[in-house]
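J.: Below: one structure in structure tokens.
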Amino acid sequence: MNVTRSSHSLREHFYKCFFKSYCNQKLNDFPKTFPSKDVLKWYQLWEKNNFFTLQNCDKEPFKMILPPPNVTGTLHIGHALTATIQDVLARWNRMKGYPVIWIPGLDHAGIATQVVVEKYLYKTKGYKKTDIGKEQFLSLIWEWKNEKENVIKNQLRLLGSSVDWSKEYFTISENHNFAVTEALIKLNERNMLYRDKDLINWSPSLQSAISDIEVEFVELIGKTELEVPGYKKKVTFGQLIKIAYQIKDSENELIVATTRPETLLGDVAIAVHPEDDRYNKYIGRYVWHSLRETFIPIIGDTSVNATFGTGAVKITPAHDHLDYKIAKDHGLEIIDTIDEHGNIITNNANYKGLPRFLARDKMLNELTNRGLLRGIESHKMTLPRCSRSGDIIEYLLKEQWFVRCKDMAQKALQAVKDGSLKIDPNIYESLWYNWLENIRDWCISRQLWWGHQIPAYEIKTEQSKKSEWIIARSKEDALFIAQKKYGAHVEVHQDNDVLDTWFSSALLPFATMGWPQKMEDFKKYYPLTLMETGHDILFFWVARMVMLGLELTGQLPFKEVLLHGVLCDAQGKKISKSLGNVISPENIINGISLQDLNEQSKESYNAGILNKTELKRTLTVNGKMFPNGISACGVDALRMTLCAHNIKNRTVSFNIIECQQNYFFCNKIWQASKYILLMVTPDKYCKPERFTTLDSWILSRLSLMVEEVNTGFVERNFYKAVAAIKQFIYYEFCDIYLEATKWGFRSEEELVVISHTYTLINCLEVSLRILTPITPFLTDELYSRLSKQLPSFLSLSSLSEAPYPTTEEFKDLRNELLDERMNSIVNLITEIRSFTANISKKLEPEVHIVVDSSEDHEFYTKNINAIKGASRIWNVSIYLKENYVKTANSIHEELNSNCSLFLLVQDKSTLDQILQIIEKRKTRGENKSRKSMKI
């Protein structure tokens, strides 16, 4: 029996058992990986301790409102982007010592909610809203709202949104309705509210006017067939139809080109450009309109595009904005030819009451039979569709309520010009100017059941010949005003129309701060510090908030606007229901199988949320993008991914693969924390008399990271902050420094152990605080566990209470000269790892570092333990070039003009394999020169 060998085995076995017991004791409170699914306990703690409510403080509060999600459904990944950006800012400001007011809320979303509930009702019950009546339908919407509200609020909690729930709002609540009514009364008193007949966007399917943002312009490259609500067959668009009009008292004809022959019965003139030599001789004459059976004039107008079609266009003022303007300029009659249902208005029995696109086909047949159709061509065009129903928009002349915008727009323009209002990024300033300089009055009335009923009352008397309206706070007030003017025998009837949702939303910055009821709060907290939202609603929401804020309060509603890009998928396509690429945050956070993902899509179809085409597309996209489902990434990884891109770009791409990588990053921090717990001894914790070079370097890098993260937050460049965090924590602290300390902790030098212990603990503690605004669940979980065992950690229930690391605090640790010197070692370590990646450590490879200068030789020798530890190669030697003798079986790599690496491998077959790998790298275009030598 070999006693010596047996004793060695026993010692090794004893050491392993001891170390395992030691590890179990130290890591008793640590799961193997970050428990990313068990995070809501932290949100409950934050709420319980009122971390999100306004705290008394001498500093000016940081104030925001959360752009209200619609109660149409639940939150998608686009909402998560907004919530994450705002939460990062809220948490960062709190940790800097500023009180924060961040108010959550929900938008009643008039048209959108009514449409989705109508679809749900029809899909699940087979009823239309008219079948059950207004009262019952509104009751159903309130049930829908309550259900979605609970889901949305839980989603915001899951995302970590640190909003003040005690201040939450709903845009159709009693308080907000009071603010809406007061706003309309004030606008009316200033002669800024009026009722008039004008062209508006009309959705025949919805039976309502809709806002510009709800009009989706579809680009057609030519002849295209589309599904249109109410039609059994697809309808053809993208065609240019040429029609002949006989000139009166002439054998000549004018050929007119149009994309809208269904409006032929509304033609009142033919227009040409007055400088068009082909036609200007006919100006003032007439053509025969065969379908209307009347003569209509030929007019000249400079707004006619002589290059479009034939250069002669028909004028149909009741259904086109430009035609309407031309008709008013030339005193032409206006003929309505399409009604609210999208049917033809005419006395002609052939077309009366026909759906517009069926009538179109019939008209073209009649023109063909009369020999007046001169051709049909495929034509590139833009088609306006209702984003809510998919119907084709009609421009109809209807009496609606309007807000005068010109004067308000001028004030909003001036605010940006003089710097009172900052738009970030400033590339949107030119769009701001362009839109406000060309603003039209705002149509604020909608023909819906769901929304703020307009507080307008029509006066009815026995002598009433024309409509007269009163804006009042109640029917009683309206009746009092009417009786004062007309006597007791008068009636008032409230308008059935409701307000455009954007009007009620535009009041949020001041209505949420108490206006017009709680004026003490309003004076104390208004205006907001920042309005953060997507650039796609700059005009529809932001500009209107600014206009109404200035008009109704005399102040800007906020000092700065931060605009983020439209969220797109990994292929760069906008995330939308119609494209089938909408992702739920919960599915990313908790993970989901492809089967369950598809089941969710089918449930949406069964509820009427998706139509058949959208379901088919969604199932296809699910299979392509997530063939293996979605693995659980956790909320912190999701938040980091959303912050890792430049949100100020026009589009922000989201890639699930990147999110999974950020999950690994979070786990890397978890594992690093476990390593630190194992390696450090708390009683060794004290500030060393001097730091090792390695520790001085990582502290310098920590200082740089703190500076860059704070700068990134100040400039709202979150992606730069994330990049700085990853560079330090992942690449420098974990990948280089931690590995390098392994050799140091084996050292018998007390100074090295103390220096490493102090540095490790402080770097980790600061890193967790710096990460908190972005990954609050991870950092609170880690900090709570580590603070029980590590000195220097603060005694807190949550890092929400901790101070944020500042640049000033760490600036003395910065050593740029050392950074530069250590950078050469980092590069060296990276190359050694690459060099030895394909070699088994059992072969005990040897690395020789050959340098030109004695200064480099001294520096590398001084830090050789760091090189060994981080490169994971123990046989490392440093040589001066003048003293180095090349050996057999070595591979040579020149790092730079002053330093070379030699890898010694005794096993010839392994050497040959490495040479082949190096050769392959060369063919892939690696820039560094490698040469091998066999002696």
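The opening position of the sequence shown corresponds to residue 587 in the numbering used here, with each subsequent residue numbered one higher. Note that the Cβ used here is the ideal one computed from N, Cα and C, for glycine as well. Treat the numbers as computed from the prediction; the structure is a model and nothing was measured.
(1) With distances taken from CA atoms, which of Ile1195, Asp1182, Leu1149 and Lys1472 is nearest lysine 1163?
(2) Going by DSSP, name the residue or residues bridged to cysteine 1029.
(3) Report the rounded CA-to-CA distance for aspartate 1004 versus proline 1095, giving the unit in angstroms.
(4) Whole alpha helix (DSSP H) runs in the region 1155-1239 with 4 or more residues, listed along the chain?
(5) Taking just the CA atoms, how far does asparagine 614 sit from phenylalanine 604?
(6) Helix or strand or just coil, what does DSSP make of threonine 710?
(7) Hey, out of Glu980, Ser1006 and Pro690, whose CA is closest to tryptophan 751's CA?
(8) Nearest by alpha-carbon distance to isoleucine 1009: which of Ile799, Leu1149 and Tyr1344 is it?
(9) Determine, using beta carbons only, whether alanine 1309 and arginine 1355 come nearer to each other than 7 Å.
(10) Decide if tyrosine 868 is buried, meaning its Cβ has at least 16 other Cβ atoms within 10 Å, or exposed.
(11) Output needed for aspartate 784: all residues of its chain with C-beta closer than 6 Å, excluding positions within five of it in sequence on either side, in chain order.
(12) Thinking C-beta only, is phenylalanine 723 closer than 7 Å to lysine 715?
(13) In the DSSP assignment, what residue or residues form a beta bridge with methionine 1534?
(14) Return the Cβ separation of serine 1091 and aspartate 693 in integer angstroms, given the expectation that the two are a contact with Cβ distance under 8 Å.
(15) Determine the closest residue to cysteine 1320 out of Ala1258, Leu1337, Ala795 and Thr639, with distance taken between C-alpha atoms.
(16) Beta strand (DSSP E) containing tryptophan 1460: first to last residue?
(17) Indicate the three-state DSSP secondary structure (helix, strand or coil) for phenylalanine 1304 in the structure shown.
(18) For leucine 785, would you say it is in contact with chain B, using Cβ-to-Cβ distances shorter than 7 Å as the test?
(19) In the DSSP assignment, find the beta strand (DSSP E) that holds arginine 971 and state where it starts and stops.
(20) Leaving out five residues on either side along the sequence, give the residues of the same chain with a beta carbon under 8 Å from the beta carbon of leucine 1382.
(21) Could you check what DSSP says for valine 873 in three-state terms: helix, strand or coil?
(22) Would you tell me roughly how many angstroms separate the C-alpha atoms of arginine 1332 and lysine 1454, rounded to the nearest one?
(23) Could you tell me whether the region 805-817 touches the region 1011-1018, where touching means 3 or more Cβ pairs closer than 8 Å?
(24) So, using beta-carbon positions, are proline 1431 and valine 1471 closer together than 7 Å?
(25) DSSP three-state call for tyrosine 1370: helix, strand or coil?
(26) Skipping 5 residues on each side, what residues in its chain have a beta carbon closer than 7 Å to that of leucine 631?
(27) Determine the direct distance from the alpha carbon of asparagine 1475 to that of leucine 1501, and round the result to whole angstroms.
(28) Which runs of the alpha helix (DSSP H) fall wholly inside the region 1319-1395 and span at least 4 residues, in chain order?
(29) Going by the DSSP bridge assignment, what does alanine 843 pair with across the sheet?
(30) How would you call asparagine 1208, buried or exposed, if buried means at least 16 neighbouring beta carbons within 10 angstroms?
(31) Are at least three pairs of beta-carbons, each pair with one atom in the region 1390-1406 and one in the region 1275-1283, less than 8 Å apart?
(32) Between asparagine 679 and lysine 1061, what straight-line distance do the alpha-carbon atoms span, to the nearest angstrom?
(33) From the DSSP output, which residues share a beta bridge with aspartate 1004?
(34) Between Asn1469, Glu1468 and Tyr1317, which has its C-alpha nearest threonine 1416's C-alpha?
(35) Quick check on histidine 916: does DSSP put it in helix, strand or coil?
T.: Per the coordinate set shown:
(1) Ile1195
(2) Phe988
(3) 21 Å
(4) 1171-1176, 1180-1192, 1198-1211 and 1221-1229
(5) Residue confidence is low: phenylalanine 604 scores 48 on pLDDT, short of 50, so the model does not pin down where it sits. No coordinate-derived value is stated.
(6) helix
(7) Pro690
(8) Leu1149
(9) no
(10) buried
(11) Cβ within range, chain order: n/a, list empty.
(12) The Cβ atoms of lysine 715 and phenylalanine 723 sit closer than 7 Å to each other.
(13) Beyond the ends of the chain as shown, which are 587 and 1521, falls residue 1534; an answer cannot be given.
(14) 6 Å
(15) Ala1258
(16) Taken as a continuous stretch (DSSP letters only), tryptophan 1460 belongs to no beta strand (DSSP E), as it is neither H nor E.
(17) helix
(18) Of the protein chains in this structure there is only one, and it is not chain B.
(19) For arginine 971, the uninterrupted beta strand (DSSP E) run begins and ends at 967-972, by DSSP.
(20) Tyr1369, Ser1373 and Ala1388
(21) strand
(22) 12 Å
(23) no
(24) no
(25) A small correction: the amino acid at residue 1370 is serine; tyrosine does not occupy that position in the sequence shown. Correct three-state label for serine 1370: helix.
(26) Spatial neighbours of leucine 631 in its own chain (CB-CB distance under 7 Å, excluding positions within 5 residues in sequence) are listed in chain order as Ser1383 and Ser1384.
(27) 11 Å
(28) 1325-1332, 1336-1357 and 1362-1372
(29) Lys828
(30) Classification of asparagine 1208: buried, given that the 10 Å Cβ count is 16 or more.
(31) yes
(32) Approximately 46 Å between the Cα atoms of the pair.
(33) DSSP output for aspartate 1004 lists no bridge partner at all.
(34) Tyr1317
(35) helix
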